[in-house]
Structures are given as structure tokens and as C-alpha cells.
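K.L.:
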Amino acid sequence: MVSDFRKKKLLHVFNAFFDTDRSGSVDKKDFELAATNISKLRGWNPGEIPYDILQQSLLAIWEGLQVHADFDKSGEVSKDEWIALWDAFSKNPDSAKDWQNLLCKCIFQIEDSSNDGKIDCDEFAGVHASFGLDRDESVEAFKKLSKGKDTVTWPEFQELWKEYFTSEDVEAPGNFIFGCYMCSLNKHTHSHSHSH
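Just so it is clear: in the sequence shown, position 46 is 46 by full-length UniProt numbering, and no numbers are missing.
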């Protein structure tokens, strides 16, 4: 059983970063849209090496996600399939699939815009803002993620990444690797419900 807390974190990533067109499921189009958004943020153009690498990486991640999560072979990944996939990962995070390791690395490289092997607050908040998340909330999230330090290094990022998908500890710094998971969920709930 996935706890409500972990489910909230998983749905935050699903809604904020993967379901780019807000259709309620993730498919190849979402990855193409994400590639376009990230390329715009970075000023990369089709035919340039960084653009092509990003496209190839995101396509490989989508193919891996489809193989391991699209259980009904519908060509898209539902929220339930997404939760089941990461629940399996949480039971043995050290045996992550290649595409999951690639996803972790790809996100780090997208955020490390200066290519210095570490992410600072501006880099972190800039990428999150390009996905429609609040910049101020992302700055606050980075402070928690980095435990008050100026940067997060690649080895630290990998540990924080695992923590996000596995930890039940509400105070764990890794909970903030995708920004403010509570903020985005609250907004998502309010925007889709009339009962509030």
C-alpha cells in the first residue's frame, strides 16, 4: 500500500512535470512538449547538440516509462500506473531501471544550467518556473532541499532523489527536489474542484 503522503508526492511530480498538457495521463506528446519548454528556457534550437541530446534522453525515458508502467498497453500512463511503478521502485531503489537513472541525471543536467556539477537556487527555481510552478515557493523548497547550503551537488542530488520516492518522513530534505509538493497539489485540487 502506498501511504497518502507518498501518493501526494508522486502525484505532484505526475501533475507538475509529466502531464504537461494536463490531460490526466502521460503520453509521448507530454515528453515532446516538455522538450520544447526546456529548450525554450535554455535557448536551444533544433539541430543543436544540446537540443538533440535532450530530445533523445526524453524519448528514451518515455520508452522506459511505457515499458514498465503502461500495463494495459494503452500508449499512455495513468495516475494509478504511475503510482504502482514508483511504489515498486521504493521497495528497492538501488536497483533502479536504466530509464529511471537517466531521468534523475536528465533533471539534474537541465537544472545545472551553468554545467558546474551543482545546482544553485536560481537554476532550480528557473526550471520549476518554466513548468508553471511558483518561483518564490521553489526558492523556499530549495532552501529545505539544500539544508540551507548554496548548492546541491550531483552525489547529493542522487540521494535526495531516492529520498523523494521512498521516504515517509515529512521533514526529509528530498521531499523538496521537485519544489513545493504541497503547494502544487493544493492548487491542482482547487482548480479542478468546486467543493472548496
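Backbone N, C-alpha and C define an ideal beta-carbon position, used for all residues, glycine too.
Checking the sheet assignment: what are the DSSP bridge partners for GLU76?
P.N.:
Against the sequence shown, residue 76 aligns to sequence position 76. For GLU76, which the question treats as bridged, DSSP gives the partners ASP27.
K.L.:
Taking the alpha carbon of ASP112 as the reference point, which residue from ARG22, CYS180, THR153 has its own alpha carbon closest?
P.N.:
By one-based count along the sequence shown, residue 112 stands at place 112. When each option's Cα is compared against that of ASP112, the closest is THR153.
K.L.:
Nearest by alpha-carbon distance to TYR164: which of PHE157, CYS106, GLN158, GLY174 is it?
P.N.:
Mapped onto the sequence shown, residue 164 falls at position 164. Comparing Cα positions, the closest option is GLY174.
K.L.:
Buried or exposed: which applies to LYS9, given that a residue is buried once 16 or more other Cβ atoms fall within 10 Å of its Cβ?
P.N.:
As a working note, residue 9 is residue 9 in the sequence shown. By the 10 Å Cβ count, LYS9 comes out buried.
K.L.:
Thinking C-alpha only, which one of ILE49, GLY132, ALA69 is nearest ALA34?
P.N.:
Numbered from its first residue, the sequence shown carries residue 34 at position 34. It is GLY132.
K.L.:
What did DSSP end up calling ASP120 once you bin it into helix, strand or coil?
P.N.:
Against the sequence shown, residue 120 aligns to sequence position 120. Strand.
K.L.:
Note the first and the last residue of the continuous beta strand (DSSP E) segment covering VAL152.
P.N.:
Working through the sequence shown from its first residue, we reach residue 152 at position 152. Element bounds for VAL152: 151-153.
K.L.:
Using only the alpha-carbon positions, how far apart do LEU41 and VAL127 sit?
P.N.:
Residue 41 sits at position 41 when you count from the first residue of the sequence shown. Residue 127 sits at position 127 when you count from the first residue of the sequence shown. Computed Cα separation, rounded: 8 Å.
K.L.:
Closer than 8 Å to a non-hydrogen atom of the ligand SAM - does that hold for the CB of GLN55?
P.N.:
The ligand SAM is not among the ligands present in this structure, which contains no ligands whatsoever.
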